[in-house]
Amino acid sequence: MQSTRTFTDKLFLILKGLGMGAANKVPGVSGGVVAFVAGFYEEFIYSLQKVNSKAFKLLINGRFKSFFQYINGRFLGLLFFGMVVSYFSVSKILDYLIKHYELYVWSVFFGMIIGSIYYIYKDFKDWNYRTYLSLFIGIALGVSISFLNPAKENDNLWFVFFCGIISVSGMTLPGFSGSFILILLGNYVLLLVDSVNALYDTISDVFRGDFSFIQNPARLRMLKVLSVFTLGSVTGLVTFSHLLSYILKHYKSITLSAIIGFIVGSLGVVWPWKKTIYKINDNGSFILDSTGEKIIANYKRFIPEINTETFYAMAFIVLGIAIVLALEYYGQKTRKTK
């Protein structure tokens, strides 16, 4: 999988990381879809499953160059760099856009998922009773997950570690939104908003030479929560990658048909015309959009009204489809030149 990458390849890999990071933060959208459509999903899984006992032996023995080459370090490094930058830049912009232009943002994502289904489906030829069964199971799971009710927030560190393991499913399994799973587990705001903001504020304080946060128990608790969540995410990422690498090697057609099903099933979660903003009281009861309370996504679907806003939304759906087709075109062009 290691290959000579041009400067343009490296730049686009960082941009793909930005896309994965942004997608992973949006409930209902899977970063794995970005990897799948952009044509680097199998290299991503292959590289992650190289983080194994042999890699750790190379690292412990001080053979850093061999370790870097063995795990396809240049590829993973650029990709994860893009994801990290995304969490502190693109995802912030995305938060703003969702707050002020929610319908249009969901429309773009809805279009991108439709484009992704087309992209994967058109190249999949191995249809038989097993792959059709796998497809329908994937659809059923995707749809049923979207109708589950959110739990209450829980900052127990063991539960946070478990959330980390589960949350990376969206990176390794296209169509399976890790951030939406965090909403169902009740910890989306805690882990992808509050703790990330705490880290951002801490980094800003350190650059200003202000270390007063050391005396702030709430800030330190958030940093501990983020550390445990990150550890769980790394554990889940490596574990899932080994499992998926084995499944893709031995049951590729069944796995791909299930992935198509997951993606189809996720369409209901990102349906643009839905009420999403709900809040939760300290006692765990749900209330409708009032200030000062934490946001919980609770999806109520409804048929769109025929008006100018709806036509704009449809145009953004077409834009989402066009983005995926453009990524596909770039991926095909890149593969032909290599």
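Going by the working numbering, the sequence shown opens with residue 5, and the numbers climb by one from there. Glycine included, every Cβ here is placed at the ideal spot set by N, Cα and C.
- Message: Helix, strand or coil for residue 34? Go by DSSP, reduced to three states.
- Response: Three-state DSSP puts residue 34 in coil, outside helix and strand.
- Item | Straight-line gap, residue 151 to residue 207 (C-alpha atoms, nearest Å) | So the two alpha carbons sit approximately 38 Å from each other.
- Tell me whether residue 123 is buried or exposed, calling it buried when 16 or more other Cβ atoms sit within 10 Å of its Cβ. By the neighbour-count rule (16 or more Cβ atoms within 10 Å), residue 123 is buried.
- Message: Please report the distance separating the alpha-carbon of residue 77 from that of residue 246.
- Response: Linking residue 77 to residue 246 through their CA atoms gives a straight-line distance of about 17 Å.
- Supposed close pair residue 274, residue 113 - CB separation, criterion 8 Å: For a cut-off of 8 Å, the C-beta gap from residue 274 to residue 113 is around 5 Å, short enough to register as a contact.
- Message: Just to confirm before moving on: does the CB-CB distance between residue 75 and residue 89 stay below 9 Å?
- Response: Going by C-beta atoms, residue 75 is not nearer than 9 Å to residue 89.
- Task: Specify the secondary structure class of residue 125 as computed by DSSP and reduced to three states.
- Result: Residue 125: helix per DSSP, three-state reduction.
- Inter-stretch contact at 8 Å, needing at least 3 Cβ pairs: the stretch 159-175 / the stretch 189-201: Yes: at least three Cβ pairs fall under 8 Å.
- With a 10 Å radius around its C-beta and 16 neighbouring C-beta atoms as the bar for buried, classify residue 45 as buried or exposed. It counts as buried.
- Tell me whether residue 198 sits in a helix, a strand or coil according to DSSP, three-state version. Reduced to three states, the DSSP call for residue 198 is helix.
- Apart from the five residues just before and just after residue 134, which ones in its own chain have a Cβ nearer than 7 Å to its Cβ? If you ignore the 5 residues before and after residue 134, its C-beta comes within less than 7 Å of the C-beta of 258, all in its own chain and listed in chain order.
- Taking Cβ to Cβ, would you say residue 86 is nearer than 9 Å to residue 175? The answer is no: Cβ separation not under 9 Å.
- For residue 212, the first and last residue of its enclosing alpha helix (DSSP H): Here residue 212 belongs to no alpha helix (DSSP H), and DSSP marks it neither H nor E.
- Message: For residue 63 and residue 231, I'd like the C-alpha separation in whole angstroms.
- Response: Their Cα atoms are separated by approximately 22 Å.
- Any heavy atom of the ligand ATP closer than 8 Å to the CB of residue 79? Among the ligands in the structure shown, none appear at all, so the ligand ATP cannot be discussed.
- Item | With 16 other Cβ atoms within 10 Å as the buried cut-off, status of residue 22 | Classified as buried, residue 22 has 16 or more neighbouring CB atoms from the shown chains inside 10 Å of its CB.
- Inspect the beta-carbon positions of residue 182 and residue 81 and report whether they are closer than 9 Å. Cβ distance not < 9 Å, so residue 182 and residue 81 don't count as in contact.
- Message: At the level of alpha carbons, what is the spacing between residue 100 and residue 238?
- Response: Rounded to whole angstroms, residue 100 to residue 238 spans 28 Å at the Cα level.
- Start-to-end residues for the alpha helix (DSSP H) that takes in residue 162: From DSSP, the alpha helix (DSSP H) with residue 162 extends over 161-171.
- Message: When you compare the CB positions of residue 268 and residue 116, do they come within less than 9 Å of one another, or not?
- Response: Cβ atoms of residue 268 and residue 116: not closer than 9 Å.
- Message: Is the beta carbon of residue 326 closer than 9 Å to that of residue 107?
- Response: No, these two residues do not count as a Cβ contact at 9 Å.
- Task: Kindly indicate which three-state DSSP category residue 310 falls into: helix, strand or coil?
- Result: Here residue 310 sits in coil by DSSP.
- Message: Quick check: what's the CA-CA separation for residue 5 versus residue 53?
- Response: Caution is warranted here: a pLDDT of 49 is assigned to residue 5, below 50, making its placement in the model unreliable, and no coordinate value can be reported.
- Task: Find the nearest neighbour of residue 165 within the set 249, 70, 196 and 240, judged by alpha-carbon distance.
- Result: Ranked by Cα distance from residue 165, the options 249, 70, 196 and 240 are led by 240.
- Task: Could you name the residues of the same chain whose beta carbon sits closer than 7 Å to that of residue 186, not counting the 5 residues immediately before and after it, in chain order?
- Result: Hits under 7 Å: 167, 171, 192, 195 and 196.
- Item | residue 210 classed as buried or exposed, judged by whether at least 16 other C-beta atoms fall within 10 angstroms | By the neighbour-count rule (16 or more Cβ atoms within 10 Å), residue 210 is not buried but exposed.
- Item | Those runs of the alpha helix (DSSP H) which lie wholly inside the stretch 13-66 and span at least 4 residues | Taking only runs of at least 4 residues, the alpha helix (DSSP H) segments lying wholly in the stretch 13-66 are 35-41, 45-52 and 57-64.
- By a C-beta neighbour count over all protein chains shown, 10 Å radius and 16 as the cutoff for buried, is residue 148 buried or exposed? Under this definition residue 148 is an exposed residue.
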